[in-house]
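Enquirer: Top to bottom, those sequences are chains R and V. If you're matching positions, the first sequence starts at 0 in numbering that gives the first Met the number 0 and goes up one per residue. If you're matching positions, the second sequence starts at 0 in numbering that gives the first Met the number 0 and goes up one per residue.
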Amino acid sequence: MPQKISDKILSRVQKPTRYIGNELNSIHKDPKTVDIRFAFCFPDVYEVGMSHLGMKILYHMLNDRDDVFCERVFAPWTDMEQQMRDNHIPLFALESGDPVSEFDLVGFTLQYEMSYSNVINMLDLAGIPILASERGEGHPFVCAGGPCAYNPEPLADIIDFFVMGEGEEVLYEVLDVYLEWKKEGKQRIDFLDRISQIEGIYVPGFYHVEYNDDGTIKTFKPIRQNAPVKIKKRIIKDLDKSYFPDKIIVPFMEIVHDRIMLEVFRGCTRGCRFCQAGMIYRPVRERSPEKLLQMAKALQETSGYEEISLASLSTSDYTELERLTEGLLKITEENKTNLSLPSLRVDSFSLELMERVQQVRKSGLTFAPEAGTQRMRDVINKGVTEEDLIKSVTLAFQGGWNNVKLYFMIGLPTETMEDVEGIADLAYKVVDAYFSVPKEKRNKGLNVTVSTSSFVPKPFTPFQWQPQDSIEQLNEKQQHLKSKIKSKHIIYHWHESKLSFLEGVFARGDRKLSKVLIAAHKMGCKFDGWSEHFRYEVWLKAFEECGIDPYFYTARKRSYDEVLPWDHVDVGVTKKFLIKESEKAMRGERTPNCRQQCSGCGVAVFEGGVCIE
Amino acid sequence: MNKVRMQFIKGDKVKYISHLDLMRAFHRAFRRAQLPISYSQGFNPHPLVSFALPLAVGATSEAEYMDVELDEKISAREIMDRLNAVLPDGIKIVKAREQSEYKNTSFNDIALAEYIVKAEPRRMPDNIAKFIEDVLKQSELIVEKQGKKGMKQVNIRDDIHELSIENITDNNMVLKMKLSAGNVSNVRPDLVLSALEKYIDGFEVEFVQVHRTAQYFKDGNNVM
Numbered sequence: 000m001p002q003k004i005s006d007k008i009l010s011r012v013q014k015p016t017r018y019i020g021n022e023l024n025s026i027h028k029d030p031k032t033v034d035i036r037f038a039f040c041f042p043d044v045y046e047v048g049m050s051h052l053g054m055k056i057l058y059h060m061l062n063d064r065d066d067v068f069c070e071r072v073f074a075p076w077t078d079m080e081q082q083m084r085d086n087h088i089p090l091f092a093l094e095s096g097d098p099v100s101e102f103d104l105v106g107f108t109l110q111y112e113m114s115y116s117n118v119i120n121m122l123d124l125a126g127i128p129i130l131a132s133e134r135g136e137g138h139p140f141v142c143a144g145g146p147c148a149y150n151p152e153p154l155a156d157i158i159d160f161f162v163m164g165e166g167e168e169v170l171y172e173v174l175d176v177y178l179e180w181k182k183e184g185k186q187r188i189d190f191l192d193r194i195s196q197i198e199g200i201y202v203p204g205f206y207h208v209e210y211n212d213d214g215t216i217k218t219f220k221p222i223r224q225n226a227p228v229k230i231k232k233r234i235i236k237d238l239d240k241s242y243f244p245d246k247i248i249v250p251f252m253e254i255v256h257d258r259i260m261l262e263v264f265r266g267c268t269r270g271c272r273f274c275q276a277g278m279i280y281r282p283v284r285e286r287s288p289e290k291l292l293q294m295a296k297a298l299q300e301t302s303g304y305e306e307i308s309l310a311s312l313s314t315s316d317y318t319e320l321e322r323l324t325e326g327l328l329k330i331t332e333e334n335k336t337n338l339s340l341p342s343l344r345v346d347s348f349s350l351e352l353m354e355r356v357q358q359v360r361k362s363g364l365t366f367a368p369e370a371g372t373q374r375m376r377d378v379i380n381k382g383v384t385e386e387d388l389i390k391s392v393t394l395a396f397q398g399g400w401n402n403v404k405l406y407f408m409i410g411l412p413t414e415t416m417e418d419v420e421g422i423a424d425l426a427y428k429v430v431d432a433y434f435s436v437p438k439e440k441r442n443k444g445l446n447v448t449v450s451t452s453s454f455v456p457k458p459f460t461p462f463q464w465q466p467q468d469s470i471e472q473l474n475e476k477q478q479h480l481k482s483k484i485k486s487k488h489i490i491y492h493w494h495e496s497k498l499s500f501l502e503g504v505f506a507r508g509d510r511k512l513s514k515v516l517i518a519a520h521k522m523g524c525k526f527d528g529w530s531e532h533f534r535y536e537v538w539l540k541a542f543e544e545c546g547i548d549p550y551f552y553t554a555r556k557r558s559y560d561e562v563l564p565w566d567h568v569d570v571g572v573t574k575k576f577l578i579k580e581s582e583k584a585m586r587g588e589r590t591p592n593c594r595q596q597c598s599g600c601g602v603a604v605f606e607g608g609v610c611i612e
Numbered sequence: 000m001n002k003v004r005m006q007f008i009k010g011d012k013v014k015y016i017s018h019l020d021l022m023r024a025f026h027r028a029f030r031r032a033q034l035p036i037s038y039s040q041g042f043n044p045h046p047l048v049s050f051a052l053p054l055a056v057g058a059t060s061e062a063e064y065m066d067v068e069l070d071e072k073i074s075a076r077e078i079m080d081r082l083n084a085v086l087p088d089g090i091k092i093v094k095a096r097e098q099s100e101y102k103n104t105s106f107n108d109i110a111l112a113e114y115i116v117k118a119e120p121r122r123m124p125d126n127i128a129k130f131i132e133d134v135l136k137q138s139e140l141i142v143e144k145q146g147k148k149g150m151k152q153v154n155i156r157d158d159i160h161e162l163s164i165e166n167i168t169d170n171n172m173v174l175k176m177k178l179s180a181g182n183v184s185n186v187r188p189d190l191v192l193s194a195l196e197k198y199i200d201g202f203e204v205e206f207v208q209v210h211r212t213a214q215y216f217k218d219g220n221n222v223m
């Protein structure tokens with residue numbers, strides 16, 4: 000591409016490589032030869048966005064069409080934003096350098112709630128009206144997808160249409176409609192009308208919400224003829240047959256996940272009750288090892304990457320893990336590249352595997368018991384026992400590992416201080432397990448790192464009705480746990496609870512929050528996921544200015560019959576199932592995983608993966 | 000054992016990538032070209048690739064060099080062609096020689112580099128050429144330089160081996176410089192411009208674009 004940002008400006012910013020594009024395997028087309036220009040926007044900085052697997056897939060898939068030119072857009076870092084605003088440079092796409100406002104479709108991927116302020120900032124930088132209602136003929140259509148789109152409501156006033164679920168098929172359908180619509184030269188609303196008939200497409204402007212006096216939703220109704228009452232997510236039934244690029248962009252600068260990522264399966268069988276991904280990505284659908292090995296070979300040849308990693312929600316559950324890793328090791332050993340393993344359930348097989356993959360030794364082993372007591376783990380349906388954990392770490396210590404990370408959550412429903420203390424107890428038991436291994440068999444110098452994140456109740460989980468711990472409660476639990484950990488072998492890390500609070504507001508928010516997002520943007524909020532930019536007090540001011548109580552969204556226990564802001568989205572998993580799971584959680588009863596026994600979650604309607612095996 | 004020395008261009012499209020990024024880009028290109036780089040023996044094997052002088056971020060060059068050792072016997076010409084087929088836009092090998100052709104010279108002995116420097120003067124006296132001539136007559140040119148332990152004062156006069164004006168207009172000046180470079184003494188073109196700004200009244204440049212045209216050994220011979 001011709002470099003459109005001048006050297007004068009690039010020489011004034013940190014990491015100019017973020018803004019130049021032209022990486023190996025990036026795609027360049029003459030915009031005059033295509034019918035549709037698509038701006039794929041990731042609302043964070045380049046090195047974060049480029050690590051996202053979904054973008055890699057959809058970028059190449061869209062560009063496979065001759066009539067489409069899909070380009071990438073990232074949030075400029077604050078130094079670059081300043082330069083752009085000072086010099087009147089609008090938000091631009093990386094491939095052509097052209098202003099995003101000239102595109103036909105502008106699509107955001109919503110990976111975490113704390114990126115919403117960046118979505119708005121990017122629209123503002125692009126010169127595109129922030130409110131959907133203020134966009135007219137000639138403006139691009141602004142769409143969004145990704146896991147956070149399952150509760151689209153906080154962005155309802157801003158986004159023209161949402162894509163629910165996996166984008167591989169539905170995006171092509173939208174583009175086909177767009178082509179027809181463009182040819183006919185009809186009005187903007189006409190396009191939205193037509194795509195609202197595609198399964199998985201949600202046009203928030205076609206619905207009206209009526210509220211009760213207490214602020215909860217009274218009714219949620221379509222106000223446009225033919226707009227569906229329920230919007231059903233889309234999935235790819237057979238991953239072996241789904242699109243996957245044989246080329247990926249190889250960035251010049253180091254990005255967060257700088258390697259080939261092989262997506263071994265989608266979904267998860269485990270049914271942990273806190274986990275949104277485990278519910279919304281159902282059903283589990285695996286790729287075959289043959290297909291994965293073929294992908295690995297092709298990607299290695301075209302990228303030259305030095306490392307391959309496996310991506311999924313729980314790679315240990317892949318039914319063909321042994322065959323896959325055997326084949327991958329053959330490929331990586333031949334090419335002198337590395338296989339990097341995700342955190343696997345530790346058993347004799349995985350330890351042997353990790354021995355062969357030298358790199359893991361340095362970084363240590365990660366375990367996620369998630370909670371400190373068996374009672375608490377039963378509540379969240381995390382199928383790990385203390386015995387499992389101690390057996391695993393003992394095996395690891397015997398194998399020479401001496402660096403162990405333990406991940407937990409605090410603020411879980413029904414949690415007591417006893418459960419919090421259980422985290423410290425468990426960490427001490429891990430230390431004991433280390434010293435129970437004879438001196439000559441273990442490696443010197445034990446490091447146990449305990450990390451707690453703060454539980455945020457998410458839509459479409461059995462805990463979606465639960466109140467979230469307040470900032471004060473979380474801080475108290477963190478301090479209490481800190482006071483219980485005195486061993487020099489154990490280090491304790493915790494998350495900023497103010498950030499978890501705000502995440503909680505937007506995770507279960509309704510459309511009243513759109514105006515808060517815009518107010519916070521006007522006050523300068525952006526990059527909230529970056530601690531150096533997160534400004535909690537400013538956010539509180541934005542809520543106040545809009546007359547919205549953030550605690551309404553976090554502190555309240557919702558009743559089962561309350562109309563939830565995301566009730567019109569159908570992810571397959573039924574409310575009936577979630578209520579049943581919620582009740583079982585309160586009784587501390589476990590639910591077996593999908594492969595042991597089907598628990599009738601409802602996702603079988605999609606007729607894919609584990610449900611039809 | 001098959002050692003090859005190569006000269007490459009770092010063009011406009013990749014001028015903002017760092018030296019580390021550039022090395023990584025080459026490692027990946029070797030892998031795409033299926034050219035097997037040799038690795039050192041020992042506990043922590045590392046690839047046997049070495050680069051001559053690193054180039055500042057933002058600068059372009061037509062004279063960058065690398066040495067590489069391959070496990071297989073492949074001609075220098077073929078290595079060059081196979082790499083050029085897979086290198087990212089903006090990086091291009093222009094010459095490749097087998098070891099016998101460049102003898103046993105080492106990048107450690109590089110002492111000089113040549114640059115074309117384009118600057119935009121914000122202010123400039125009329126007879127700038129005369130002023131520059133006068134500056135070069137001085138025996139000491141003291142400038143502030145970023146050292147390992149903060150800023151320090153250094154005399155760079157002896158590091159300026161050649162300095163001439165190639166072209167000059169009201170808002171553009173092109174300088175040619177031959178400066179000390181390498182392990183013993185290393186002076187970047189922007190430092191020379193700071194010296195000129197310091198010693199010439201009413202001279203100030205705004206933006207500098209550096210292009211490297213050559214690297215030389217102590218004995219004055221070109222690296223390739």
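C-beta atoms are modelled at their ideal positions from N, C-alpha and C, and glycine is treated no differently.
Classify isoleucine 611 of chain R: buried if its beta carbon has 16 or more other beta carbons within 10 angstroms, exposed otherwise.
Expert: exposed
Enquirer: At a Cβ cut of 9 angstroms, what residues of the stretch 77 to 111 of chain V count as close to chain R, listed as they run along the chain?
Expert: Listed by position along the chain: Val85, Leu86, Pro87, Asp88 and Gly89.
Enquirer: Let me know if valine 403 of chain R comes out buried or exposed under the rule of 16 or more other beta-carbons within 10 Å of its beta-carbon.
Expert: buried
Enquirer: With DSSP run on the structure shown, which of helix, strand or coil describes glycine 166 of chain R?
Expert: For glycine 166 of chain R, the three-state secondary structure derived from DSSP is helix.
Enquirer: Beta strand (DSSP E) containing alanine 95 of chain V: first to last residue?
Expert: 90 to 97
Enquirer: What residue ranges within the stretch 43 to 72 of chain V form continuous beta strand (DSSP E) runs of no fewer than 3 residues, ordered along the chain?
Expert: 48 to 50 and 59 to 69
Enquirer: So with Cβ pairs under 8 angstroms, would you call threonine 16 of chain R a contact of chain V?
Expert: Yes, because at least one Cβ of chain V sits closer than 8 angstroms to the Cβ of threonine 16 of chain R.
Enquirer: Where in the stretch 516 to 599 of chain R do unbroken runs of the beta strand (DSSP E), each at least 3 residues long, occur, reported from the N-terminal end onward?
Expert: none
Enquirer: Here's a check: name, in chain order, each residue in its chain whose Cβ is nearer than 8 angstroms to the Cβ of alanine 395 of chain R, leaving out the five neighbours to either side.
Expert: Val345, Leu350, Leu364 and Val403
Enquirer: Using three-state DSSP, classify glycine 622 of chain R as helix, strand or coil.
Expert: Chain R is shown from 0 up to 612; residue 622 of chain R falls before or after that span and cannot be answered.
Enquirer: Is it right to say valine 604 of chain R is buried, meaning 16 or more other beta carbons lie within 10 angstroms of its own, or is it exposed?
Expert: Burial check for valine 604 of chain R: the Cβ neighbour count within 10 Å stays below 16, so the residue is exposed.
Enquirer: From aspartate 218 of chain V to serine 163 of chain V, what does the alpha carbon distance come to, in whole angstroms?
Expert: 22 angstroms
Enquirer: Using the Cα positions of alanine 370 of chain R and glutamate 561 of chain R, report the straight-line distance between them to the nearest angstrom.
Expert: 29 angstroms
Enquirer: If you follow the beta strand (DSSP E) that alanine 295 of chain R is part of, which residue opens it and which one closes it?
Expert: Unbroken run through alanine 295 of chain R is the alpha helix (DSSP H), 288 to 302; no beta strand (DSSP E).
Enquirer: To the nearest angstrom, how far is the alpha carbon of glutamate 471 of chain R from that of glycine 410 of chain R?
Expert: 11 angstroms
Enquirer: Glutamate 334 of chain R CB to nearest chain V CB: under 8 angstroms?
Expert: Reading off the sequence shown, one finds asparagine at residue 334 of chain R, where the question assumed glutamate. At least one CB of chain V lies nearer than 8 angstroms to the CB of asparagine 334 of chain R.
Enquirer: List, in chain order, every chain V residue whose beta-carbon is nearer than 9 angstroms to that of phenylalanine 251 of chain R.
Expert: Val13, Tyr15, Ile16, Ser17, Asp20, Leu21, Arg23, Ala24 and Pro87
Enquirer: Determine whether the beta carbon atoms of arginine 258 of chain R and isoleucine 307 of chain R lie at a separation below 8 angstroms.
Expert: yes
Enquirer: Establish whether the CB of serine 435 of chain R and some CB of chain V are separated by less than 8 angstroms.
Expert: no
Enquirer: Taking only beta-carbon positions, decide if glutamine 225 of chain V is within less than 8 angstroms of chain R.
Expert: Here chain V comprises residues numbered 0 to 223, so residue 225 of chain V is not present and cannot be evaluated.
Enquirer: Distance check for glutamine 293 of chain R and glutamine 595 of chain R, CA to CA, integer angstroms please.
Expert: Looking at the two C-alpha atoms, the distance is approximately 30 angstroms.
Enquirer: Can you tell me which of the three DSSP states leucine 340 of chain R falls into?
Expert: Three-state result, leucine 340 of chain R: coil.
Enquirer: Please name the residue in V:Asn1, V:Gly201, V:Asn221 and V:Ala213 whose C-alpha comes closest to that of serine 99 of chain V.
Expert: V:Asn1
Enquirer: Please tell me whether glutamine 208 of chain V has its Cβ less than 8 angstroms away from any Cβ of chain R.
Expert: yes
Enquirer: What whole-angstrom Cβ distance do lysine 556 of chain R and proline 458 of chain R have, given they're in contact under 8 angstroms?
Expert: That belief does not hold up - the Cβ atoms of lysine 556 of chain R and proline 458 of chain R are roughly 15 angstroms apart, past 8 angstroms.
Enquirer: What does serine 453 of chain R pair with, by DSSP beta-bridge criteria?
Expert: R:Ile409
Enquirer: Let me know if alanine 110 of chain V comes out buried or exposed under the rule of 16 or more other beta-carbons within 10 Å of its beta-carbon.
Expert: buried
Enquirer: By the 10 Å Cβ neighbour count, where 16 or more other Cβ atoms means buried, how is methionine 163 of chain R classified, buried or exposed?
Expert: buried
Enquirer: What residues of chain V sit near isoleucine 19 of chain R, judged by a beta carbon separation below 7 angstroms?
Expert: Tyr15
Enquirer: Who are the near neighbours of tyrosine 198 of chain V in its chain, counting only those whose CB is closer than 7 angstroms to its CB and skipping five residues on each side?
Expert: Val134 and Leu140
Enquirer: Between R:Leu124, R:Met416, R:Ile235 and R:Pro139, which has its C-alpha nearest glutamate 168 of chain R's C-alpha?
Expert: R:Ile235
Enquirer: What does a CB cutoff of less than 6 angstroms around alanine 554 of chain R pick up in its chain, not counting 5 residues either side in sequence?
Expert: Same-chain partners within the cutoff: Pro466.
Enquirer: Where does valine 186 of chain V fall in DSSP's three states?
Expert: Three-state DSSP puts valine 186 of chain V in coil, outside helix and strand.
Enquirer: Please classify glutamate 414 of chain R: is it buried, with 16 or more other beta-carbons within 10 angstroms of its beta-carbon, or exposed?
Expert: Buried.
Enquirer: Measuring straight from C-alpha to C-alpha, what distance separates isoleucine 155 of chain V and glutamate 165 of chain V?
Expert: Distance from the CA atom of isoleucine 155 of chain V to the CA atom of glutamate 165 of chain V, rounded to whole angstroms, is 21 angstroms.
Enquirer: Taking the beta carbon of lysine 9 of chain V as the centre, do at least 16 other beta carbons fall within 10 Å, making it buried, or is it exposed?
Expert: buried
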